[in-house]
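These notes concern the structure reproduced below.
So, in structure tokens, the structure goes:
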């Protein structure tokens, strides 16, 4: 297929673009490079533009005969979304709606959306299934859910293949050396590894959660498993005329303290910590049920060992490029 990947200069987007290309698809990356990295698009057909730029996007869809879109471009920091909700509604809802409109006008038949477990909010029970009530506790999750709903209505009206992949916590690096390198890093594992390399102590945000050790529990899924799920969604999702939702997670939870202790063992280095107050909008526990993805797509997380995930991230961190632009 001829595919367009938005946000392909980023962490998850770059891994997905590589996996799709390796599977034989013709991949065009669309990215404005506001948070992504130019070196991640080397060797790809690359368009540097905003996804809401109609004059730039319309000819891309037509000339490249785009058959499917993987929409991954977004702002994704929970804390920042609470402080600046306007930016998140702009980047995560208004602009993608322009892209969706252009895609449907161009007859693009497949649309895969990178959503988030943040749509669930504080869960009633874990592991979380796709039918769990959606009650976001921050604007980031709210904007992801809002676009899911818009995509569902568009799919019903046009009969397109529409899939929302609700990520839990992406982590690790790929075998060919693609990893996480945000200029402003808020994700736990890369920050823990920066601390192990002599950086600032890692902040534990909240030690009074209702979890075994008092710290928040998250489900970490390897970046290569995430990338494979996007391939499967594009190739195997059926044209039902409705939005199909899949959770993508390992099905296992690890607390903040467990991640830090595992990183100490993997790196053989001390990881200094400081305790801090909870961050606004952070649920206590998010762990996925991925049974639906297994049944419908044949997908499962194959790299579920936390030490292995951290070890792959550690290899990338030691290259000294984390945070570079």
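Residue numbers (the numbering used here): 340 to 664.
We put the CB at the ideal spot given by N, CA and C, even for glycine.
Fair warning: this is a prediction, and the values are worked out from it, not measured in the lab.
Can you list, in chain order, the residues of its chain with a C-beta nearer than 7 angstroms to that of residue i? Leave out the 5 residues immediately preceding and following it.
i: residue 385; result: 368
i: residue 540; result: 534, 611, 612, 613
i: residue 608; result: 535
i: residue 643; result: 589, 591
Could you check what DSSP says for residue i in three-state terms: helix, strand or coil?
i: residue 433; result: helix
i: residue 420; result: helix
i: residue 626; result: coil
i: residue 373; result: coil
i: residue 459; result: coil
i: residue 380; result: helix
i: residue 490; result: helix
i: residue 596; result: helix
i: residue 569; result: helix
i: residue 583; result: strand
i: residue 530; result: helix
i: residue 605; result: helix
i: residue 651; result: helix
i: residue 361; result: helix
i: residue 664; result: Note that residue 664 scores 33 on pLDDT, short of 50, meaning its location in the model is unreliable; the coordinates nonetheless yield the value given after this. Residue 664 falls in the coil class under three-state DSSP.
i: residue 613; result: strand
i: residue 561; result: strand
i: residue 387; result: strand
i: residue 643; result: coil
i: residue 350; result: helix
i: residue 402; result: helix
i: residue 506; result: strand
i: residue 367; result: strand
i: residue 465; result: coil
i: residue 441; result: helix
i: residue 410; result: strand
i: residue 474; result: strand
Hey, residue i and residue j are a contact pair by Cβ (cut 8 angstroms); roughly how many whole angstroms apart?
i: residue 636; j: residue 575; result: 6 angstroms
i: residue 526; j: residue 648; result: With a Cβ gap of about 12 angstroms, residue 526 and residue 648 do not count as contacting.
i: residue 417; j: residue 479; result: 5 angstroms
i: residue 594; j: residue 552; result: 5 angstroms
i: residue 406; j: residue 448; result: 6 angstroms
i: residue 436; j: residue 494; result: The pair is not a contact, with the Cβ atoms about 14 angstroms apart (cut-off 8 angstroms).
i: residue 453; j: residue 521; result: Contact doesn't hold; Cβ gap of about 16 angstroms is too wide.
i: residue 509; j: residue 351; result: 5 angstroms
i: residue 544; j: residue 617; result: 6 angstroms
i: residue 507; j: residue 342; result: About 24 angstroms separates the two Cβ atoms, so there is no contact after all.
i: residue 477; j: residue 556; result: Rounded, the Cβ-Cβ distance is 18 angstroms, inconsistent with contact.
i: residue 433; j: residue 390; result: About 10 angstroms; that fails the 8 angstroms criterion.
i: residue 441; j: residue 393; result: 6 angstroms
i: residue 653; j: residue 579; result: Not confirmed; about 41 angstroms, so no contact.
i: residue 656; j: residue 529; result: 7 angstroms
In chain order, what residues of the same chain lie with their CB nearer than 6 angstroms to the CB of residue i, ignoring the 5 residues before and after it?
i: residue 517; result: 353, 354
i: residue 349; result: 375
i: residue 413; result: 431
i: residue 645; result: 593, 601
i: residue 638; result: 568, 571, 632
i: residue 596; result: 552, 554
i: residue 378; result: none
Kindly list the residues whose CB is nearer than 8 angstroms to the CB of residue i, restricted to its own chain and excluding five residues on each side of it in sequence; keep chain order.
i: residue 585; result: 469, 502, 503, 504, 505, 568, 572, 629, 631, 632, 635, 636, 638
i: residue 438; result: 345, 390, 391, 396, 408, 410
i: residue 455; result: 415, 479, 480, 483, 505, 506
Would the region 624 to 638 count as touching the region 450 to 470 if we require 3 or more Cβ pairs under 8 angstroms?
yes
Is it a yes or a no for the region 565 to 574 touching the region 479 to 494, going by three-plus beta-carbon pairs under 8 angstroms?
no
Tell me, please, whether the region 373 to 383 touches the region 396 to 406 by the rule of three or more beta-carbon pairs shorter than 8 angstroms.
no
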